[in-house]
Amino acid sequence: MRVFMFEKPLGMRDTLPDVYKTKRLLREAMMAEIETWGYSFIETPTLEYDETVGKASAILDQQLFKLLDREGHTLVLRPDMTAPIARLAASKLYEEGCPLRLAYAANVFRAQQREGGRPAEFEQVGVEYIGDGTMYADAEVISLMIFALKRAGLRDFTVTIGHIGYVDALFFDILRQEQRVETLRRFLYEKNYVGYREHVKSLPLSSIDRDRLLRLLTLRGGKEVVAEGKAYATTEAERRALDELEQLWTYVDQYGVTDMVKLDTSLVSHMSYYTGVLFEVYAKNVGFLLGNGGRYDELLAKFHRPSPATGFSVRLDRLMEAIGEQQRGEKTTCIIFSQERFTEAYAKAAEMRRKGENVVLQHIAGIQNMDQFTASFDDVVYVLGKRGKDEQ
């Protein structure tokens, strides 16, 4: 038992005070921005049925935490928030023809087969915009994510936008078979572009089709990407996807955030429920994904309420790392008092707290190492001995 006394399950983390405070401030900043756009925050259970939410989720089965309830039903710790919110919206909230804007800040759980520094539990802040199939909805969600990240303090970042319909139309037109298409999708998801090129060159294809597949990696940048893609599109599905990207760019431009956006027609996701526009956000000089989102028009049909939908999620732990060591927290003052001055010390602390300041009230007798204890505070006030002897 002693071996495990201080150990945690694989992928689980403790959150220490400074980190907790920073995460709370980031969460509150993003939530405040999201609420100003008219989204309503909700909560869903930590445990869901595997047969419903577990199966509807795009997370791989081996990444699900599963357990049995007393009736023998298989439960899962929620692996994402999109599927639970789809369940909730389909059962109680969504009325056909009435767009619904929901938001959340919640922990999700994904089992890790090995440590590798990857958490099995992490917090996401995000939104789900249900019932609107227009590109206006996609533009709103992308722009809201940008404004929320800015409000949280992130400055230098890029949102990359693609369209899974374009990639699938191109791949199936040339490769025909799902297995061959999935192989290429995997290279793109892993961003293994060298492997993608080598694999394409090894396929028994005409030079025209080979060039079409290789050109996919070059269609990156601003609005000009759409025109370049249309010049080589051969199917109606490709052209339709590019038309949607063109509309989306126009609408995002109206929000004034295209300087934070680029198009990338090779973008794909491991989340299998995306059906159209999808996007990812990365910060400068940070190699990991901060957040992602996209359109999932077929998910609510799994809960017998077909409806278009789009949304995004941002991982708070990664956002915190991207912002770095920037000082975000309020100052904390410690008032150290002796017994005869408690009433005065408490009155001083209460007044400062009413002004919104953070104050620790500490009896001097409870401190063993004064220097070490006081080093953790921004200001220290001593209320000791006879009245009039305060010093700071």
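Per the working numbering, residue 55 is the first one in the sequence shown, and the count goes up by one each step. Every residue gets a Cβ at the ideal spot worked out from N, C-alpha and C, and that includes glycine.
Assigned with DSSP and collapsed to three states, Ile-421 falls in coil, not helix or strand.
For Lys-120, the enclosing beta strand (DSSP E) begins and ends at 120–122. In this structure, the beta-carbon distance from Thr-428 to Val-434 falls below 8 Å.
Here Asp-227 has Thr-289 as same chain residues with Cβ atoms under 6 Å from its own Cβ, once five neighbours each way along the sequence are excluded. Counting only unbroken stretches of 4 or more residues, the alpha helix (DSSP H) elements lying wholly within the region 106–172 are 136–142, in sequence order.
Ala-355 counts as exposed, since fewer than 16 other beta carbons sit within 10 angstroms of its beta carbon. Between the region 103–119 and the region 146–154, the count of C-beta pairs closer than 8 Å stays below three; the two stretches do not touch.
Exclusion of the five residues before and after Pro-153 leaves Gly-185 and Asp-186 as the residues of its chain whose Cβ lies within less than 6 Å of its Cβ. Take the alpha-carbon of Val-368 and the one of Phe-333: they are about 12 Å apart. For the pair His-253 and Asn-346, the Cα-to-Cα distance works out to about 27 Å. DSSP places Gly-283 in no beta strand (DSSP E) but in the uninterrupted alpha helix (DSSP H) bounded by 278–286. Between the C-alpha atoms of Arg-372 and Glu-97 there is a straight-line separation of about 22 Å. Between Gly-151 and the set Asp-134, Val-181 and Thr-188, the nearest pair of CA atoms involves Thr-188. For secondary structure counted as the beta strand (DSSP E) over 3 or more consecutive residues, the region 203–284 holds these complete runs in sequence order: 211–217. Of the residues assessed, Pro-133 falls on the buried side of the cut-off, its CB having 16 or more other CB atoms within 10 angstroms.
DSSP, reduced to helix, strand and coil, places Ile-389 within a strand of the structure shown. Ile-218 counts as buried, since at least 16 other C-beta atoms from the protein chains shown sit within 10 angstroms of its C-beta. Three or more beta-carbon pairs separated by less than 8 Å are not found between the region 387–395 and the region 173–183, which leaves the two stretches without contact. 8 Å or more divides the Cβ of Leu-224 from the Cβ of Glu-282. Note on the region 315–402: whole alpha helix (DSSP H) runs with a minimum of 4 residues are 370–377, in chain order.
In the structure shown, Ser-94 adopts extended strand secondary structure according to DSSP, grouped into three states.
For Tyr-436, there is no enclosing alpha helix (DSSP H); the enclosing beta strand (DSSP E) covers residues 433–437. Between the region 270–280 and the region 314–330, the count of C-beta pairs closer than 8 Å reaches three or more; the two stretches touch. In the DSSP annotation of this structure, the continuous segment of the beta strand (DSSP E) that includes Val-181 starts and ends at 175–184. The C-alpha of Lys-75 is placed about 14 Å away from the C-alpha of Glu-411.
Distance between Pro-258 and Arg-234, taken at the CA atoms: about 12 Å. DSSP, read as helix, strand or coil, puts Glu-411 in coil. In the three-state DSSP reduction, Tyr-309 falls in the coil class, being neither helix nor strand.
Excluding five sequence positions before and after Phe-163, the CB atoms of its chain that fall closer than 7 Å to its own CB belong to Phe-119, Leu-131, Arg-132, Pro-133, Ala-174 and Glu-175, given in chain order. Judged by their CB atoms, Val-181 and Tyr-93 are nearer to each other than the 8 Å cut-off. With a threshold of 16 other beta carbon atoms within 10 Å, Arg-395 meets it and is buried. By the criterion of a C-beta distance shorter than 8 Å, Val-195 is surrounded in its chain by Val-181, Tyr-183, Gly-347, Thr-364, Gly-365 and Phe-366, once the five residues flanking it on both sides are discounted. Secondary structure note for Glu-102: its beta strand (DSSP E) is the uninterrupted segment 101–103.
With fewer than 16 neighbouring CB atoms inside 10 Å of its own CB, Ala-86 falls in the exposed class.
At a Cβ-Cβ threshold of 8 Å, Leu-370 and Thr-136 do not count as neighbours.
A Cβ-Cβ separation of about 6 Å places Glu-398 in contact with Val-437 under the 8 Å criterion.
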